[in-house]
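Student: Under our numbering, the first residue of the sequence shown is numbered 259, with each subsequent residue one higher.
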Amino acid sequence: MENKKRLRKNPSRETCETIIKRILMTEVLQHGRNRHFKKAADFMDYFESLYPPSDALSKQVQRAVSALNMPKDDDGYLIANKTADQFVQEQEISHMLADVSATVNPMEDVQTVFLSVPVPMQPLLIQRIEQLSAFEGKYITIVPSSNGLLFYTDCKNQLLILLNSLINQG
């Protein structure tokens, strides 16, 4: 009985990290993003419900938040499942994509056309196809392969007609 009345020991830093990650993931799943946790002190109500309040517990939670090295969003809230370095890299990519007005094109409805041509001919052929206005809007991209060019297109019939007419002209 005496042992049960003893206060529980403080958690390890690793345990605190695991709990903090779980809290943040729950927050993101429930609200779409973290809207409550900016610093270690914001986690203390939860930890103090499990462990006796103490300076040691506070320091352990602070160490855990620090060790997780989580970035903060524009409002100062911690971002779950990313390190500060990952966040910086993602921001760099985001800026690069914004600078070129990049778009995402789902490929579910895209078809392929394969043009069999020798590898040495591919770079020059791609360059000429890109310059020829007749090909404008006929393909999304051209990918060189080991024995030809692979076209991704959303107007397969028009591309086939054009390619076959060029092949038969020669």
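We treat Cβ as the ideally placed atom computed from N, Cα and C, and that holds for glycine.
1) Would you mind stating whether Y309 and N268 have Cβ atoms separated by less than 9 Å?
2) For I351, count neighbouring Cβ atoms within 10 angstroms of its own Cβ and tell me buried if that reaches 16, exposed if not.
3) Tell me the DSSP secondary structure of L373 in three-state form.
4) Which residues bound the alpha helix (DSSP H) around F305?
5) Check I400 in the structure and name its three-state DSSP category.
6) Could you give the distance in angstroms between the alpha-carbon of K414 and the alpha-carbon of I398?
7) Rounded to a whole number of angstroms, what is the C-alpha to C-alpha distance between F345 and I278?
8) Once you ignore the five residues that flank D412 on each side, which residues in its own chain have a CB closer than 8 Å to its CB?
9) Compute the Euclidean distance between the alpha carbons of D343 and L373, then round it to the nearest angstrom.
10) Could you give the distance in angstroms between the alpha-carbon of P378 and the alpha-carbon of L421?
11) Throw me the rounded Cβ distance for the I337 and Y304 pair, which I believe falls under 8 Å.
12) Going by DSSP, what residue range makes up the beta strand (DSSP E) through L409?
13) Please say whether F301 and Y335 have beta carbons closer to each other than 9 Å?
14) To the nearest angstrom, report how far apart D333 and M365 are at their CA atoms.
15) Cα-Cα, which of Q318, L424 and K340 is closest to L383?
16) Here's the rule I'm using: 16 or more other beta-carbon atoms within 10 Å means buried, otherwise exposed. How should M259 be labelled?
Tutor: To lay it out plainly:
1) Within the sequence shown, numbered from 1, the residue matching residue 309 stands at position 51. Within the sequence shown, numbered from 1, the residue matching residue 268 stands at position 10. In this structure, Y309 places its C-beta atom within 9 Å of the C-beta atom of N268.
2) On the sequence shown, position 93 is the one that residue 351 refers to. Burial check for I351: the Cβ neighbour count within 10 Å stays below 16, so the residue is exposed.
3) Residue numbering aside, residue 373 sits at position 115 when the sequence shown is read from its first letter. Strand, per DSSP.
4) If you number the sequence shown from 1, residue 305 lands on position 47. Counting along the chain, the unbroken alpha helix (DSSP H) around F305 starts and ends at M302 to L308.
5) Indexing the sequence shown from 1 puts residue 400 at position 142. In this structure, I400 counts as strand in the three-state DSSP scheme.
6) Start at 1 with the first residue of the sequence shown, and residue 414 comes out as number 156. Start at 1 with the first residue of the sequence shown, and residue 398 comes out as number 140. Approximately 11 Å between the Cα atoms of the pair.
7) Walking along the sequence shown from the start, residue 345 turns up at place 87. Walking along the sequence shown from the start, residue 278 turns up at place 20. C-alpha separation (whole angstroms): 18 Å.
8) In the sequence shown, residue 412 corresponds to position 154, counting from 1. Its chain contains D367, V368, Q369 and I398 as the residues whose beta carbon lies nearer than 8 Å to that of D412, once the 5 sequence neighbours on both sides are disregarded; these appear in chain order.
9) Your numbering for residue 343 matches position 85 in the sequence shown. Your numbering for residue 373 matches position 115 in the sequence shown. Taking the straight line from one Cα to the other gives about 43 Å.
10) The residue labelled residue 378 in the question sits at position 120 within the sequence shown. The residue labelled residue 421 in the question sits at position 163 within the sequence shown. Taking C-alpha positions only, P378 is separated from L421 by approximately 19 Å.
11) To locate residue 337, count along the sequence shown from 1; it is residue 79. To locate residue 304, count along the sequence shown from 1; it is residue 46. Between Y304 and I337 the Cβ distance is about 19 Å, and since that is not below 8 Å, they are no contact.
12) Along the sequence shown, one-based indexing puts residue 409 at 151. Per the sequence shown, residue 409 should be read as Phe rather than Leu. F409: member of the beta strand (DSSP E) spanning G406 to T411, first to last residue.
13) Here residue 335 refers to the residue found at position 77 of the sequence shown. Here residue 301 refers to the residue found at position 43 of the sequence shown. Cβ atoms of Y335 and F301: not closer than 9 Å.
14) To locate residue 333, count along the sequence shown from 1; it is residue 75. To locate residue 365, count along the sequence shown from 1; it is residue 107. Computed Cα separation, rounded: 35 Å.
15) In the sequence shown, the residue the question calls residue 383 occupies position 125. The alpha carbon of L383 has as its nearest neighbour, out of Q318, L424 and K340, the alpha carbon of L424.
16) Position 1 of the sequence shown, counted from the first residue, corresponds to residue 259. At M259 the pLDDT is 43, less than 50, meaning the model places this residue with poor confidence and gives no usable figure here.
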